[in-house]
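Okay, so here's the structure we're looking at.
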Amino acid sequence: MKKTLAVVAGLLAANAVAVAIATRRAERRNPPRGRFVRVMGLRLHVIEAGPADAPAVLLLHGNGAMAQDMVASGLIERLARTHRVICPDRPGFGWSERPRHPLPPEAQAELAADLLRLLGIDRAVVVGHSWGTLVALALALHAPELVTGLVLAAGYYVPTRRLDVWMVSGPAWPGVGLLMRHTLSPLIGAAIAWPFVRRLFAPRPVSPAFRAGFPVAMALRPEQLRATAEESVVMIPAARRLRRRYADIACPVTVLAAAGDRLVEELQAPRLVEALPNATLRIVPGVGHMMHYDPAVADRIAAAAAALAAPSPPFAAGPPLEPDADPEAQPVVGAASA
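Going left to right, the sequence shown walks through residues -20 to -1, 1 to 318 as mature numbering (1 follows the signal peptide of the UniProt record, and there is no 0) numbers them.
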C-alpha cells in the first residue's frame, strides 16, 4: 500500500513539474499584447485599438477564452475601423489576475464599469460573446448610464440542465481542485482540447485563424483552468438571477444566434428576446458557436455596434399650431410623400 501511494505521489509530482514547465513555455511564447491597469485591486490586461475619439466598444470574451480570441478572429480589427475598442482579458483569463473567490457576472460588471470610468469612457456599446454576454447584461443593469446598447452573440441567458457544466467543474472544487489543476486537469485538457474546439466551430471546420492565432496552451494553465471551472459552476445560477431582471434593461439590444450552435441550446436567444423590452434577434445560418470568426458575422457585429453608437436623431417637431387650428391639417415634418 505504501509503495502504491509512493508511486502515485511520484507520478503527481512529475505531472506538476511538467505542468509548470508547460505554463512557463506558454507564457514565454505568448507575451501580453496590451497594457495593464489596476481595477478594484485586480491587475487587468487590456487590449485597445481604434481612434481614441471614436465611439467606444467594450468587447467581452467567453469562458475559457481570452482577449487574444478577439484578436485572432479579426473582430477587434474590424471594430477598430470605426470604434475605440476596449477588450480586457476577463479576470483569470489571459494575463489578468483573478481573486481567490468566484466572480459571478454581477461582480465582473462592476469591474467593467470601473474599467470604463478609469479609461475616461462615459458611454459604450458592449459586445459580448458566449459567457461574456452574461457580463454584458449584468453591466446594463449595474450601470445603465454607461451602456449605449448591447450586441450579444452565442450567449447563454436562461437556466437549463447542463451536465457538461458539472463535468468541467473539478478544478474549482475546494482542496482537491488545487491538486487537479496543477497535475491532471491540464493533461486531460490537452487531450480533449481540439475535439472540443471542433465542436465549438461545427458545423464548419475550425477556422485557420483560430489555429494560427489562439494560444491553446495559455488556456490550459492551472489558473485559467480554475477560472474556466468557476465560471462553469456559476453560469446556471447567474442566468437564473439575471433572468428575473431582464425586463429592466432599457437600452437597445441586438441578439445574434448561430443556427448550428452545438454548445448553447436553440431556445436561449428567443427566450432572451422575449424578456427584453427593446431587442432584435438575428439567427445566422451555417455557423456555430464561434460565429465571430466568420467575416460576415464580424461585419454584422460591427454594423450593429455602429447603429447602437449612433446618436438618436433629434425630435422633429412640426411648426407651431395657429390658435384654434386643426391639428389634422398641419404638415408633418419629415413625412414621406405618397
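Using N, Cα and C, we set each Cβ at its ideal position, and we do this for glycine too.
Asked, Found
"Looking at A89 and A118, is the spacing between their C-beta atoms short of 7 Å?", "yes"
"Runs of 4 residues minimum, wholly inside the stretch 193 to 230: which ones carry the alpha helix (DSSP H) assignment?", "196 to 199, 202 to 223"
"If you draw a straight line from the C-alpha of A123 to the C-alpha of A(-5), how long is it?", "42 Å"
"Would you be able to state if there are at least three C-beta pairs under 8 Å between the stretch 30 to 41 and the stretch 49 to 69?", "yes"
"Short of 7 Å in beta carbon distance, which residues of its chain neighbour R161, apart from the five on each side in sequence? Order them along the chain.", "P151, P202, L205, R206"
"Are the beta-carbon atoms of L22 and P85 separated by less than 7 Å?", "no"
"Strictly by DSSP, which residues pair up with V131?", "V107, T234"
"Looking only at DSSP bridge pairs, what is T62 linked to?", "Paired residue(s): none; T62 is not in a bridge."
"Okay, do the stretch 49 to 56 and the stretch 264 to 281 touch, 3+ Cβ pairs below 8 Å being the bar?", "yes"
"Short check: CB of H63 to CB of G30, under 7 Å?", "yes"
"Expressed to the nearest angstrom, what Euclidean distance is found between the alpha-carbon atoms of V186 and L159?", "32 Å"
"Between the alpha carbons of A6 and L288, how many angstroms are there, rounded?", "38 Å"
"If I measure Cβ to Cβ from R262 and keep anything under 6 Å in the same chain, skipping five residues before and after, which residues do I get?", "L236"
"What did DSSP end up calling I101 once you bin it into helix, strand or coil?", "coil"
"Any contact of the stretch 97 to 109 with the stretch 74 to 81, i.e. 3+ C-beta pairs under 8 Å?", "no"
"Exposed or buried, what is V156 when buried is set at 16 or more other beta-carbons lying within 10 Å of its beta-carbon?", "exposed"
"Counting only the same chain and skipping the five closest in sequence on each side, list residues whose C-beta sits under 6 Å from that of P82.", "E210, V214"
"Taking 7 Å as the limit between beta carbons, can you name the residues of its chain near P293, skipping five residues before and five after?", "Note that P293 scores a pLDDT of 42, beneath 50, so its modelled location is shaky and nothing firm can be said."
"Taking the alpha carbon of P11 as the reference point, which residue from P195, A227, P175 has its own alpha carbon closest?", "P195"
"With C-beta atoms as the reference, is A182 less than 7 Å away from G112?", "no"
"Can you tell me where the alpha helix (DSSP H) with V244 in it begins and where it stops?", "Segment: none, V244 is in no alpha helix (DSSP H) and carries neither H nor E."
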